[in-house]
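This report refers to the structure that appears directly beneath it.
Structure, rendered in structure tokens:
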């Protein structure tokens with residue numbers, strides 16, 4: 001503060017409030033670096049900050065006091081930094097929202113004066129105060145100023161780009177509220193930060209309330225990501241986790257949404273409805289079928305092989321697919337039907353021209369060479385597409401038997417599968433050997449040896465103890481068996 005200026009702002013000792021505001025991350029040096037710009041501030045802890053008659057000039061002075069910018073003072077320690085920022089957090093919680101949104105004479109709003117990179121905590125509370133005041137004036141969940149392009153939106157973006165990550169950890173709940181507001185208006189993908197798991201805990205307030213819905217949502221959203229990447233196996237596994245979740249007398253709406261996607265995923269991946277997992281109870285399965293009848297009907301028509309009915313069903317249920325946000329998956333069902341229908345022809349024909357394939361699958365709509373070539377390239381069809389020198393002659397699709405020489409890509413995949421199976425068998429054998437040793441040293445096995453007649457058990461004991469090198473058995477140990 002300038003020399004000669006005596007501020008009426010005093011703060012209280014925060015030793016009693018530390019339980020309500022956890023700061024256990026101070027024990028992790030890689031999470032809390034000593035700020036080079038922070039210096040010791042000496043406040044009087046004997047009196048409470050009086051916010052009743054506080055002026056805007058005093059509020060500004062208090063907000064600008066942390067972190068201090070006087071270079072002549074010595075740097076503060078982590079403990080002193082922790083104490084000062086907790087005092088500031090307490091003061092900001094007590095200042096009315098109307099005070100924080102008011103303009104400063106000749107300087108404008110606090111958002112124009114504060115630096116979001118250095119006064120991050122104060123800037124955060126000022127933004128939340130603007131939201132609180134705007135909510136009192138309008139019934140909209142997000143006022144126009146908070147939408148992309150609005151006045152407050154630009155301030156939000158500025159804060160998210162340059163905020164101090166250490167300061168926001170002291171206001172976990174407030175920071176999460178601000179991020180949720182941004183997510184409602186414009187969702188932006190973020191990369192994974194492994195180090196964040198060390199301080200994003202329930203006590204910090206950053207993750208919010210975690211319950212059974214959070215568990216189901218994690219796997220549902222993960223399955224949607226895998227479906228977008230066309231990793232069908234991983235998506236199926238995630239969806240199966242959701243629909244197999246334990247239930248009592250009801251099913252969650254999240255589980256029903258997962259079941260709907262699970263039905264569609266079965267059509268896209270295997271060309272037929274997936275069988276219900278064995279871990280799903282009869283009551284849950286009945287509830288799924290009752291709440292997702294349009295999807296089960298679509299799967300049954302897909303399985304019957306009636307293309308016209310399938311098209312009619314997709315068109316008739318368009319509103320349902322849109323309301324469930326599954327239109328993207330349903331739109332791929334027809335292409336999947338074509339793909340698996342061509343694959344089925346492999347069992348009957350050795351070769352077919354493209355027009356013949358069209359007559360079998362979808363009369364009136366020509367089948368393109370590009371579509372068939374894509375199936376072959378993706379390894380979904382064991383065939384080769386043959387073209388003649390005459391452009392008027394249609395291409396011929398010649399199927400290859402399972403005993404035919406595999407293509408280069410198939411050979412690579414086949415070799416990789418063989419290696420994978422070999423590694424699994426080796427792991428299984430190691431586990432079996434280890435389990436045998438544990439069982440042979442167990443109390444139950446030793447008791448069985450004592451009860452079994454000695455003459456009839458010679459071979460079994462020799463076989464069971466074969467893992468002992470050279471068959472050498474200690475006399476005293478065998479005496480215990482007897």
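Residue numbers (the UniProt record's numbering): 1 to 482. Heads up, the beta-carbon is just placed ideally off N, CA and C, and yes, glycines get one too. This structure is a prediction, so every number in the text was calculated from the model and none was measured.
Residue i versus residue j: straight-line alpha-carbon distance, rounded
| i | j | result |
| --- | --- | --- |
| residue 317 | residue 327 | 10 Å |
| residue 404 | residue 179 | Any reading at residue 404 must be qualified, since the residue scores a pLDDT of 46, below 50, and its modelled position is unreliable; the value itself is stated next. Cα to Cα, the separation comes out at about 58 Å. |
| residue 100 | residue 80 | 26 Å |
| residue 402 | residue 381 | Model confidence at residue 402 stands at a pLDDT of 47, short of 50, so the residue's coordinates are unreliable; what they give is reported in the following sentence. Going by the C-alpha atoms only, they are around 11 Å apart. |
| residue 436 | residue 422 | 21 Å |
| residue 115 | residue 165 | 14 Å |
| residue 122 | residue 238 | 41 Å |
| residue 449 | residue 438 | 15 Å |
| residue 109 | residue 102 | 7 Å |
| residue 118 | residue 174 | 17 Å |
| residue 331 | residue 261 | 13 Å |
| residue 130 | residue 97 | 7 Å |
| residue 352 | residue 329 | 30 Å |
| residue 29 | residue 82 | Residue placement at residue 29 cannot be trusted, given a pLDDT of 35 that sits under 50; what the coordinates show is reported in the next sentence. Roughly 14 Å between the two C-alpha positions. |
| residue 90 | residue 167 | 13 Å |
| residue 105 | residue 95 | 19 Å |
| residue 185 | residue 145 | 11 Å |
| residue 148 | residue 154 | 8 Å |
| residue 307 | residue 160 | 51 Å |
| residue 111 | residue 125 | 10 Å |
| residue 162 | residue 120 | 9 Å |
| residue 31 | residue 322 | Caution is warranted here: a pLDDT of 36 is assigned to residue 31, below 50, making its placement in the model unreliable, and no coordinate value can be reported. |
| residue 136 | residue 127 | 15 Å |
Given residue i as reference, the closest of the options once Cα atoms are compared
| i | options | result |
| --- | --- | --- |
| residue 340 | 148, 106, 304, 415 | 304 |
| residue 252 | 214, 272, 430 | 214 |
| residue 247 | 177, 93, 284, 412 | 284 |
| residue 65 | 85, 263, 221 | 85 |
| residue 107 | 60, 335, 310 | 60 |
| residue 172 | 204, 111, 271 | 204 |
| residue 295 | 310, 306, 281 | 310 |
| residue 350 | 399, 374, 395 | 399 |
| residue 370 | 346, 348, 396 | 396 |
| residue 293 | 56, 426, 93, 256 | 256 |
| residue 181 | 278, 156, 242, 337 | 156 |
| residue 302 | 113, 208, 265, 176 | 265 |
| residue 268 | 217, 333, 133 | 333 |
| residue 287 | 315, 319, 254 | 254 |
| residue 343 | 241, 373, 324 | 373 |
Counted within 10 angstroms of its Cβ, other Cβ atoms place residue i as buried (16 or more) or exposed
| i | result |
| --- | --- |
| residue 36 | In this prediction, residue 36 has a pLDDT of 39, which is less than 50 and means its spatial position is unreliable; what the coordinates show is noted afterwards. When all chains shown are included, residue 36 counts as exposed. |
| residue 355 | exposed |
| residue 233 | exposed |
| residue 312 | exposed |
| residue 300 | exposed |
| residue 420 | exposed |
| residue 433 | exposed |
| residue 417 | exposed |
| residue 235 | buried |
| residue 152 | buried |
| residue 230 | exposed |
| residue 445 | exposed |
| residue 270 | exposed |
Span of the alpha helix (DSSP H) around residue i
| i | result |
| --- | --- |
| residue 234 | 232-243 |
| residue 483 | Residue 483 lies beyond the stretch modelled for the chain, which goes from 1 to 482, so this question has no answer here. |
| residue 381 | From DSSP, residue 381 is part of no alpha helix (DSSP H); its letter is neither H nor E. |
| residue 134 | 120-137 |
| residue 322 | 318-323 |
| residue 297 | 293-304 |
| residue 443 | 443-451 |
| residue 59 | 56-64 |
| residue 85 | 78-94 |
Where the beta strand (DSSP E) containing residue i begins and where it ends
| i | result |
| --- | --- |
| residue 398 | 396-399 |
| residue 160 | Looking at the DSSP string, residue 160 is not in any beta strand (DSSP E); the run it does join, the alpha helix (DSSP H), is 151-162. |
| residue 171 | No beta strand (DSSP E) contains residue 171, which DSSP labels as neither H nor E. |
| residue 97 | It is not in any beta strand (DSSP E) - residue 97 instead sits in the alpha helix (DSSP H) that spans 97-101. |
| residue 353 | 351-353 |
Residue i Cβ short of 7 Å to the ligand NAD heavy atom set
| i | result |
| --- | --- |
| residue 139 | In terms of ligand content, the structure shown is empty, and the ligand NAD therefore cannot be addressed. |
Any C-beta of chain B under 8 Å from that of residue i
| i | result |
| --- | --- |
| residue 123 | Although the question refers to chain B, the structure presented lacks it and comprises just one protein chain. |
Output the residue ranges of the beta strand (DSSP E) runs that lie fully inside the stretch 256-291 and measure 3 residues or longer, sorted by chain position.
-> Entirely contained in the stretch 256-291, not one beta strand (DSSP E) run reaches 3 residues.
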